[in-house]
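What follows is a short report on a single structure.
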Amino acid sequence: MLLGDGAKRFSELKRAVDGISQRMLTLTLRGLERDGLVARTVFPTVPPRVEYALTSLGTTLLRTLTELRNWAMQNRAEIERSRAEFDRRESRMSAGIERASGIPRD
0 MLLGDGAKRF
10 SELKRAVDGI
20 SQRMLTLTLR
30 GLERDGLVAR
40 TVFPTVPPRV
50 EYALTSLGTT
60 LLRTLTELRN
70 WAMQNRAEIE
80 RSRAEFDRRE
90 SRMSAGIERA
100 SGIPRD
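In numbering that gives the first Met the number 0, the protein residues as written are 0 to 105.
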């Protein structure tokens with residue numbers, strides 16, 4: 000999604016993705032490059048400047064990703080309610096198993 004409006008430097012991408020480690024971003028970009036979705040361009044400067052951009056194949060995926068993001072945003076509240084309910088059920092079940100067995104569950 001971040002590359003949808005043009006090429007970005009690694010540092011720009013890292014700042015834009017909250018909480019991602021440098022290693023995880025590097026691995027993700029390498030995987031996207033391997034799949035032909037992202038192109039990596041190294042410019043001969045000191046230090047070398049590297050930019051990442053969507054390929055034509057990556058651009059074809061952008062519309063689908065945008066629709067997926069929109070769906071997730073529209074349904075976020077319901078997803079969060081479902082997660083909370085699931086967690087409550089799991090917590091009650093876990094507590095019941097611990098009481099029944101007498102062995103604390105890790």
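C-beta atoms are modelled at their ideal positions from N, C-alpha and C, and glycine is treated no differently.
- Spanning the alpha carbons of L24 and A6 requires a straight line of approximately 15 Å.
- G35 is a Cβ neighbour of T54, given a cutoff of 8 Å.
- One Cα belongs to D17, the other to E11, and the distance between them is close to 11 Å.
- If you draw a straight line from the Cα of L26 to the Cα of K13, it comes to about 12 Å.
- Considering only F85, R22, Y51 and P43, the residue with the shortest C-alpha distance to D4 is Y51.
- For the 8 Å CB-CB criterion, V37 and L2 form a contact.
- When secondary structure is reduced to three states using DSSP, T54 falls in the coil class, being assigned neither helix nor strand.
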